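Quick mapping for you: the protein sequence lines, in order, are chains D and Y.
Going by this note's numbering, the first sequence runs without a break in its numbering and finishes at 348.
Going by this note's numbering, the second sequence runs without a break in its numbering and finishes at 348.
Note that CB positions come from ideal geometry on N, CA and C, so glycine has one too.
Since we're looking at a predicted model, the values are computed, not measured.
This report concerns only the one structure given below.
Number of protein chains: 2
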Amino acid sequence: MSKTDWIAVDWGTSHLRAYAMSGGSVLDERMSEDGMGSLERDQFEGALLALVSDWLGTRTPVLACGMVGARQGWVEAPYASVPTAVDQVKMVNAPTLDPRLDVRVLPGVKQANPADVMRGEETQIAGFLALNKGWDGVICLPGTHSKWALVSADEIVSFQTFMTGELFALLSEQSVLRHSLAAGGWDDTAFAEALSDAMARPEKLAAKLFSIRADNLINGTAAEVSRPRLSGLLIGAELAAARPYWLGQQVAVVGAPELARLYVKALAEQGVPATHVHGDRMTIAGLNAARLREGISA
Amino acid sequence: MSKTDWIAVDWGTSHLRAYAMSGGSVLDERMSEDGMGSLERDQFEGALLALVSDWLGTRTPVLACGMVGARQGWVEAPYASVPTAVDQVKMVNAPTLDPRLDVRVLPGVKQANPADVMRGEETQIAGFLALNKGWDGVICLPGTHSKWALVSADEIVSFQTFMTGELFALLSEQSVLRHSLAAGGWDDTAFAEALSDAMARPEKLAAKLFSIRADNLINGTAAEVSRPRLSGLLIGAELAAARPYWLGQQVAVVGAPELARLYVKALAEQGVPATHVHGDRMTIAGLNAARLREGISA
């Protein structure tokens, strides 16, 4: 069995994901709920050790991206500013007590106007470009905070964040709509109709949300229709606002398969060719590219 | 001191408000957290008695509106359908054990297409029309679920609900934006700019929300700017979607003064004359009008 010669870490607000790596290959992976949002600065090392200590050798390089590099994270890795080359990343060393750990944190990217920030997605973009040399176009990263990034000549030129995933979670779990969305099921047609409706008349979004509840109350509309309708409205609003990004472009959708499938289909209906690549794989590829570039090894 | 000859009750999802009445005059008022959302069917009588038992005579009429008449409420008061005359309301008796109580619940109003419902606002509208005989126009009732209603010849002709208040609460208290909105303060200019921006380009709403957080992170924008900006974006989105309601109409804004002020000002900037009337007063006037019509007395 191969030995872990480095560890790739995707450390977001709510989760910590770690991959035992041998070169570019994943030997093992683990996840915990020790997200950056629940940790004080002096708790990061312990959270990491709790997850990966049996993977460590005498001194094992750990490369981490995501909110772990925020001001409230383990160590602040200052943002790079757009336009920024994805292959010139200044990593920051995180302070550690355990001599087996050699931890570097990758910086996020910021944009002054319109104001925007990312932490973690820049590494997925770098991973995608490492695997697709010379690719120009738009990368869409759907999720809690969806990002759309214009990429050219190995640079992130500009980007825009949408709170689509967080809005869906808040509305479906905590708003009055939760009563109408509680049950499971999914209807593709309801999604497509709501999406098309939101894209055609995005100014009506605010009026469409409560209709989901009312339609359930009056007409008994099932959750398997209500849920994709909410999803379609929110993704439709995102696509309407992101139109300058995808119009006339080739698009790569980087994310979890189920969610990415919805974006690829929606873009296809707008005549935009979009391909799907797996988000976790891009994170690992981006961290590995940074490792190789810096010549980091155990 | 006058005697309580009836009790007006505004019973919503989260609160119970009761008014000791002598004719059309309020003698006393009380509020509790025993909203319909936290009560089982057999707990409504106890919640009411806990609040008002010392107001009761031998047999005291109680008129109640709001979510208390929902299917999950004290007793279901079936919806009237638009168009519906506000002065022909079929009240439903609530089952009671205490012989001092004579409780009637007013129905809500529903609309088939687009699907919509209201419970409580129809009574405020009836109160407004009782105090403003022959008034035709549009009534805007901002709040957790804002309503816009077209009123003509003492009928509610059509209406539309917006989740503006609930969205503001969820985004400002539970989303990533909470970090940027926590402090107090309010800047009128920031509100006006965000409102105007959202109304001019409502399709950009989904892109504007995260900017509030990013602008705070990158430029240190204060909460006193971030908070009115979120409010302006959401109210602007509501006004953009409600344009068919208010365009070329006279508008009455029925609600709490602080919130209503924002709507009146926003409408004025669109050249729409809007007046503000107090929401609680309209609820009481609507319940009193129903009482007089039915000849209900102690």
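Please list, in chain order, the chain Y residues whose beta carbon lies closer than 9 Å to that of residue i.
i, result
"D:GLN174", "Within 9 Å Cβ-Cβ: nothing; D:GLN174 doesn't reach chain Y, min ~18 Å."
"D:PHE212", "ALA256, ALA257, LEU259, PHE260"
"D:ILE206", "The contacting residues do not exist; D:ILE206 stays about 15 Å from chain Y at best."
Using the C-alpha atoms, what's the distance from residue j back to residue i?
i, j, result
"Y:ARG80", "D:ARG251", "44 Å"
"D:ALA130", "Y:GLN320", "42 Å"
"Y:LEU66", "Y:GLY85", "5 Å"
"D:SER82", "D:LEU101", "7 Å"
"Y:LEU347", "Y:THR110", "In the sequence on display, residue 347 of chain Y carries Ser and not Leu. Straight-line Cα distance between these residues: approximately 8 Å."
"Y:ALA256", "Y:THR134", "36 Å"
"Y:GLY39", "Y:PHE94", "Residue 39 of chain Y falls outside the range modelled here, since chain Y spans only 51 to 348, and no answer is possible."
"Y:GLY184", "Y:GLU253", "38 Å"
"Y:GLY177", "D:SER196", "46 Å"
"D:ASP237", "Y:ASP148", "49 Å"
"D:ALA248", "Y:LEU309", "28 Å"
"Y:SER261", "D:ASP55", "40 Å"
"D:MET117", "D:GLU171", "10 Å"
"Y:CYS190", "Y:VAL303", "5 Å"
"D:ASN163", "Y:VAL153", "59 Å"
"Y:LEU89", "Y:THR333", "22 Å"
"Y:VAL275", "D:LYS53", "53 Å"
"D:GLY282", "D:ALA120", "32 Å"
"Y:ARG343", "Y:ARG293", "35 Å"
"Y:ALA68", "Y:VAL59", "5 Å"
"D:ASN266", "D:LEU245", "19 Å"
"D:THR271", "D:ARG228", "13 Å"
"D:SER103", "Y:LEU220", "39 Å"
"Y:SER230", "Y:LEU259", "12 Å"
"D:ASN182", "Y:GLY298", "55 Å"
"Y:PHE218", "Y:GLN122", "26 Å"
Identify which residue in the options has its Cα closest to the Cα of residue i.
i, options, result
"Y:VAL139", "Y:CYS115, Y:GLY123, Y:ASP152", "Y:CYS115"
"D:PRO157", "D:PRO164, D:HIS229, D:THR173", "D:THR173"
"Y:ILE206", "Y:THR333, Y:ALA162, Y:ILE175", "Y:ILE175"
"D:GLY193", "D:GLY62, D:ILE57, D:LEU342", "D:GLY62"
"D:GLU126", "D:VAL112, D:LEU113, D:MET141", "D:MET141"
"D:GLY336", "D:PHE218, D:LEU179, D:ARG91", "D:LEU179"
"Y:PRO323", "Y:GLY329, Y:ASP330, Y:VAL314", "Y:VAL314"
"Y:ALA240", "Y:PHE212, Y:ARG279, Y:ALA97", "Y:ARG279"
"Y:SER222", "Y:TRP198, Y:ALA244, Y:ALA273, Y:ASN182", "Y:ALA273"
"D:PRO307", "D:ASP330, D:LEU181, D:VAL159", "D:ASP330"
"D:TRP198", "D:MET168, D:GLU243, D:ASN143, D:ASN338", "D:MET168"
"D:HIS326", "D:VAL301, D:GLY345, D:ASN338, D:LYS160", "D:VAL301"
"Y:TRP296", "Y:ARG311, Y:ALA318, Y:GLU243, Y:GLY305", "Y:ALA318"
"Y:GLU243", "Y:ASP92, Y:HIS328, Y:ARG311, Y:GLY286", "Y:GLY286"
"Y:HIS328", "Y:GLY305, Y:ALA339, Y:ARG311", "Y:GLY305"
Is any non-hydrogen atom of the ligand FAD found closer than 7 Å to the C-beta of residue i, if you look at the structure I gave you?
i, result
"Y:ASN143", "With respect to small molecules bound, the structure shown includes none, and the ligand FAD cannot be examined in it."
Can you pull the DSSP bridge partners for residue i?
i, result
"D:TYR69", "D:ALA58, D:GLU79"
"D:LYS258", "In the DSSP output, where bridge partners are listed per residue, D:LYS258 has none listed."
"Y:ASP152", "Y:PRO111"
"Y:LEU89", "According to DSSP, Y:LEU89 bridges with nothing at all."
"D:GLN174", "According to DSSP, D:GLN174 bridges with nothing at all."
"D:ILE189", "D:ALA199, D:ALA302"
Starting from the beta carbon of residue i, find every residue of chain D whose beta carbon is closer than 7 Å, and list them in chain order.
i, result
"Y:PRO164", "SER261"
"Y:GLU216", "SER225, VAL226"
Residue i touches chain Y at which residues, Cβ-Cβ below 7 Å?
i, result
"D:ASP265", "ALA165"
"D:ALA287", "LEU255, ALA256"
"D:ILE268", "LYS160, ALA162, ALA165, VAL167"
Can you pull the chain Y residues whose beta carbon is under 8 Å from the beta carbon of residue i, in chain order?
i, result
"D:ASN338", "Those do not exist, as D:ASN338 stays about 28 Å from chain Y at its closest Cβ, beyond 8 Å."
"D:GLN224", "LEU220, GLN224"
Is it the case that the Cβ atoms of residue i and residue j are separated by a distance below 8 Å?
i, j, result
"Y:VAL201", "Y:GLY187", "yes"
"D:LEU289", "D:ALA316", "yes"
"D:PHE209", "D:VAL132", "yes"
"D:ILE57", "D:TRP105", "yes"
"Y:VAL349", "Y:ARG263", "Look at the range of chain Y in this structure, 51 to 348, and you will see that residue 349 of chain Y is not part of it."
"D:ALA165", "Y:ILE268", "yes"
"D:GLY96", "D:ARG150", "no"
"D:ARG341", "D:LEU113", "yes"
"D:VAL155", "D:ALA144", "yes"
"Y:GLN224", "D:GLN224", "yes"
"D:GLY87", "D:SER64", "yes"
Check the Cβ of residue i against every Cβ in chain D and list those closer than 9 Å, keeping chain order.
i, result
"Y:PRO252", "PRO252, GLU253, LYS254, LEU255, ALA256"
Report the neighbours of residue i on chain D: residues whose CB is nearer than 8 Å to its CB, in chain order.
i, result
"Y:ALA290", "GLU253, ALA256"
(message) By the 7 Å beta-carbon criterion, what residues does the stretch 182-202 of chain D contribute toward chain B?
(response) Among the protein chains of the structure shown, namely D and Y, there is no chain B.
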